[in-house]
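Going by this note's numbering, 215 is the number at position 168 of the sequence shown; the sequence numbering is gapless.
The structure appears below as structure tokens.
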Amino acid sequence: MKGPLFYSKILLFGEYGIIKDSKGLSIPYNFYNGALKLDENPSEDAIKSNTNLRRFADYLKTLQEKQPKLVQFDFESLEKDIEKGMYFDSSIPQGYGVGSSGALVAAIYDKYAQDKITVLENLTRDKLLKLKKIFGEMESFFHGKSSGLDPLNSYLSIPILINSKENIEPAGIPSQTENGTGAVFLLDSGIIGETGPMVNIFMENMKQEPFRRMLKEQFVSQTDACVDDFLKGDVKSLFKNVKKLSHTVLDNFKPMIPAQFHKLWKKGIETNDYYLKLCGSGGGGYILGFTEDIEKARKALKGYKLEVVYNF
48 MKGPLFYSKI LLFGEYGIIK DSKGLSIPYN FYNGALKLDE NPSEDAIKSN TNLRRFADYL
108 KTLQEKQPKL VQFDFESLEK DIEKGMYFDS SIPQGYGVGS SGALVAAIYD KYAQDKITVL
168 ENLTRDKLLK LKKIFGEMES FFHGKSSGLD PLNSYLSIPI LINSKENIEP AGIPSQTENG
228 TGAVFLLDSG IIGETGPMVN IFMENMKQEP FRRMLKEQFV SQTDACVDDF LKGDVKSLFK
288 NVKKLSHTVL DNFKPMIPAQ FHKLWKKGIE TNDYYLKLCG SGGGGYILGF TEDIEKARKA
348 LKGYKLEVVY NF
């Protein structure tokens, strides 16, 4: 048995902001993927994944009992497959902000949900919101609280524009310029990030009036401007706004940026060779970079691992 592939995702804009109704833009990233599998001779990782799936299945049972109208699963098949040793075979790094649990949630829903909403039908806003709610409840098993966006992106494998909590839609993003010098890239921090603690820090900060004001007046409006620029393909304005956003994050989200990257972050803003921003909740994993000249950025970030995800 080998199930279909589900891809990782990158939230280009909207981390933390979407909690407070900023816009967001999430794109599938098919460099990493995962699928449900059965093997004759499972590896140690496969056995560990199988144990996790067992716990996840128990959680889904409780979810179905509590919210029978939300989602129903074929538990007979799911439990049979888990007994046989089914596991999630994934190349998606965990704790890197690219949606490792999201792909697993999408795979389980795809195979075992009854009366599921499929990718092929007309995806109305109501259907998208229902899927997002189902996925949010499912993924909460891994994160404590989930927006459901990562699994939604992985399941549909299309860019998703978040206008607000209650308004999401598939997005058409400008096609990439093959030989473009501008790029969005991932910078590997070499540290595994934990979503829970980072979100807790953010929620604590939200209790302070100055932080709330900064979020509304700077962070959210800059994020919204970046999303609009990106979708319009206005590269000049995009880089102006990404620079502002990078500055705001450095000034107000220091705990989410690994300490050894503070100087590098600042250097990008000062030299304009690249601008860095959080990818996911931060604390480690990948850092997202934007540059108008990828060769310049490579030189400036010599010794670091860069992966280009989009070319301008």
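We treat Cβ as the ideally placed atom computed from N, Cα and C, and that holds for glycine.
None of these values were measured; they are calculated from a predicted model.
- Between the C-alpha atoms of PRO51 and ILE181, what's the straight-line distance to the nearest angstrom? Along the sequence shown, read from residue 1 onward, the residue named residue 51 stands at position 4. Along the sequence shown, read from residue 1 onward, the residue named residue 181 stands at position 134. C-alpha separation (whole angstroms): 20 Å.
- Looking at the structure shown, is THR338 part of a helix, part of a strand, or coil, going by DSSP? Counting from one through the sequence shown, the residue named residue 338 turns up at place 291. Here THR338 sits in strand by DSSP.
- Message: Can you tell me whether PHE78 is helix, strand or coil according to DSSP?
- Response: Numbered from 1 along the sequence shown, position 31 holds the residue referred to as residue 78. DSSP places PHE78 in strand when its eight states are reduced to three.
- Query: The alpha helix (DSSP H) spanning LYS108 covers which residue range?
  - Reply: What you label residue 108 is simply residue 61 of the sequence shown in a count that begins at 1. Here the alpha helix (DSSP H) through LYS108 covers 91-113.
- Task: Assign THR318 to one of two classes, buried (16 or more other C-beta atoms within 10 Å of its C-beta) or exposed (fewer than that).
- Result: Here residue 318 refers to the residue found at position 271 when the sequence shown is read from its first residue. Exposed, by the Cβ-count rule.
- Query: Could you give the distance in angstroms between the alpha-carbon of PHE232 and the alpha-carbon of LEU323?
  - Reply: Here residue 232 is taken as the residue at index 185 of the sequence shown, counted from 1. Here residue 323 is taken as the residue at index 276 of the sequence shown, counted from 1. Distance between the alpha carbons of PHE232 and LEU323 is about 9 Å.
- Message: Please report the distance separating the alpha-carbon of LYS67 from that of GLY144.
- Response: The count along the sequence shown starts at 1 and reaches residue 67 at position 20. The count along the sequence shown starts at 1 and reaches residue 144 at position 97. Each residue's alpha carbon lies about 19 Å from the other.
- Taking 8 Å as the threshold, find out whether the segment 145-155 comes into contact with the segment 56-66 through three or more Cβ pairs. yes
- Message: Between the alpha carbons of GLN223 and TYR357, how many angstroms are there, rounded?
- Response: Counting from 1 along the sequence shown, the entry for residue 223 is found at position 176. Counting from 1 along the sequence shown, the entry for residue 357 is found at position 310. Near 6 Å, if we compare the C-alpha coordinates of TYR357 and GLN223.
- Query: Which of the three DSSP states, helix, strand or coil, is assigned to GLY71?
  - Reply: For the purposes of this step, residue 71 is taken as residue 24 along the sequence shown, with counting starting at 1. Here GLY71 sits in strand by DSSP.
- Task: Could you say which of GLN161, HIS294, LEU170 lies nearest to GLN119 if we only look at CA atoms?
- Result: As a working mapping, residue 119 is identified with position 72 in the sequence shown. Checking every option, the nearest Cα to that of GLN119 belongs to GLN161.
- Task: Verify the CB distance criterion: does SER193 have a CB-CB separation below 8 Å to chain B?
- Result: No chain B is present in this structure, which holds just one protein chain.
- Message: For ASN226, count the other beta carbons within 10 Å of its own beta carbon; 16 or more makes it buried, fewer makes it exposed. Which is it?
- Response: Here residue 226 refers to the residue found at position 179 when the sequence shown is read from its first residue. Flag for ASN226 reads exposed.
- Nearest-angstrom Cα separation, counted from GLY331 out to PHE266: As a first step, residue 266 must be located in the sequence shown, where it is residue number 219. As a first step, residue 331 must be located in the sequence shown, where it is residue number 284. Between PHE266 and GLY331, the C-alpha separation is close to 20 Å.
- Message: Tell me the residue span of the beta strand (DSSP E) that contains PHE286.
- Response: Along the sequence shown, read from residue 1 onward, the residue named residue 286 stands at position 239. Counting along the chain, PHE286 falls outside any beta strand (DSSP E), though it belongs to the alpha helix (DSSP H) covering 282-299.
- Taking only runs of the beta strand (DSSP E) that begin and end inside the segment 140-216, which ones reach a length of at least 3 residues, in chain order? 207-211
- Query: Mind checking whether ALA104 and LEU117 have CB atoms under 8 Å apart?
  - Reply: As a working mapping, residue 104 is identified with position 57 in the sequence shown. As a working mapping, residue 117 is identified with position 70 in the sequence shown. Going by C-beta atoms, ALA104 is not nearer than 8 Å to LEU117.
- Item | Exposure of ASN200, with buried meaning 16 or more beta-carbon neighbours within 10 Å | Taking the sequence shown and counting its residues from 1, one reaches residue 200 at position 153. Per the 10 Å Cβ criterion, buried.
- Item | Whole-angstrom distance between PRO198 and PRO140, CA atom to CA atom | For the purposes of this step, residue 140 is identified with residue 93 of the sequence shown, where counting begins at 1. For the purposes of this step, residue 198 is identified with residue 151 of the sequence shown, where counting begins at 1. Roughly 15 Å separates the two Cα atoms.
- Proximity of SER138 and ASN80 at Cβ, strictly below 8 Å: Numbered from 1 along the sequence shown, position 91 holds the residue referred to as residue 138. Numbered from 1 along the sequence shown, position 33 holds the residue referred to as residue 80. In this structure, ASN80 lies closer than 8 Å to SER138 by Cβ.
- Measure the alpha-carbon distance for GLU184 versus MET261 and round it to whole angstroms. Residue mapping note: residue 184 aligns to position 137 of the sequence shown, counting from 1. Residue mapping note: residue 261 aligns to position 214 of the sequence shown, counting from 1. Each residue's alpha carbon lies about 30 Å from the other.
- Message: Suppose you measure from the CA of ASP136 to the CA of LEU83; what does that come to, to the nearest Å?
- Response: By one-based count along the sequence shown, residue 136 stands at place 89. By one-based count along the sequence shown, residue 83 stands at place 36. Distance between the alpha carbons of ASP136 and LEU83: 6 Å.
- Message: The alpha helix (DSSP H) that contains ILE248, what's its start and end?
- Response: The sequence position of residue 248 within the sequence shown is 201, counting from 1. Here the alpha helix (DSSP H) through ILE248 covers 242-252.
- Item | C-beta contact flag for VAL152 and GLU186 at 8 Å | Mapped onto the sequence shown, residue 152 falls at position 105. Mapped onto the sequence shown, residue 186 falls at position 139. Going by C-beta atoms, VAL152 is nearer than 8 Å to GLU186.
- Message: Contact defined as beta carbons within less than 8 Å: I believe PRO206 pairs with PRO221. What is the distance between those atoms, to the nearest angstrom?
- Response: As a first step, residue 206 is located in the sequence shown; it is residue number 159 there, counting from the start. As a first step, residue 221 is located in the sequence shown; it is residue number 174 there, counting from the start. At roughly 10 Å, the Cβ-Cβ gap does not stay under 8 Å, so PRO206 and PRO221 are not in contact.
- Task: For VAL118, write down the residues that DSSP places opposite it in a beta bridge.
- Result: Within the sequence shown, numbered from 1, the residue matching residue 118 stands at position 71. Beta-bridge pairing links VAL118 to no other residue.
- Message: Less than 8 Å between the C-beta atoms of MET133 and LEU100, yes or no?
- Response: Residue 133 sits at position 86 when you count from the first residue of the sequence shown. Residue 100 sits at position 53 when you count from the first residue of the sequence shown. In this structure, LEU100 lies closer than 8 Å to MET133 by Cβ.
- As assigned by DSSP and simplified to three states, the class of ALA218: To locate residue 218, count along the sequence shown from 1; it is residue 171. In this structure, ALA218 counts as coil in the three-state DSSP scheme.
- Item | Collapsed DSSP secondary structure at LYS279 in the structure displayed | Residue mapping note: residue 279 aligns to position 232 of the sequence shown, counting from 1. If DSSP states are grouped into helix, strand and coil, LYS279 belongs with the helices.
- Query: How many angstroms separate the CA atom of ILE65 from the CA atom of ILE164?
  - Reply: Within the sequence shown, the letter at position 18 stands for residue 65. Within the sequence shown, the letter at position 117 stands for residue 164. Near 24 Å, if we compare the C-alpha coordinates of ILE164 and ILE65.
- Query: Taking buried to mean at least 16 other C-beta atoms within 10 Å of its own C-beta, is THR242 buried or exposed?
  - Reply: For the purposes of this step, residue 242 is taken as the residue at position 195 of the sequence shown. With 16 or more Cβ atoms within 10 Å of its Cβ, THR242 is classed as buried.
- So LYS70 and THR270 are in contact, right, with Cβ under 8 Å, and what is the actual spacing, rounded? In the sequence shown, residue 70 corresponds to position 23, counting from 1. In the sequence shown, residue 270 corresponds to position 223, counting from 1. So it is a contact: roughly 6 Å between Cβ atoms.
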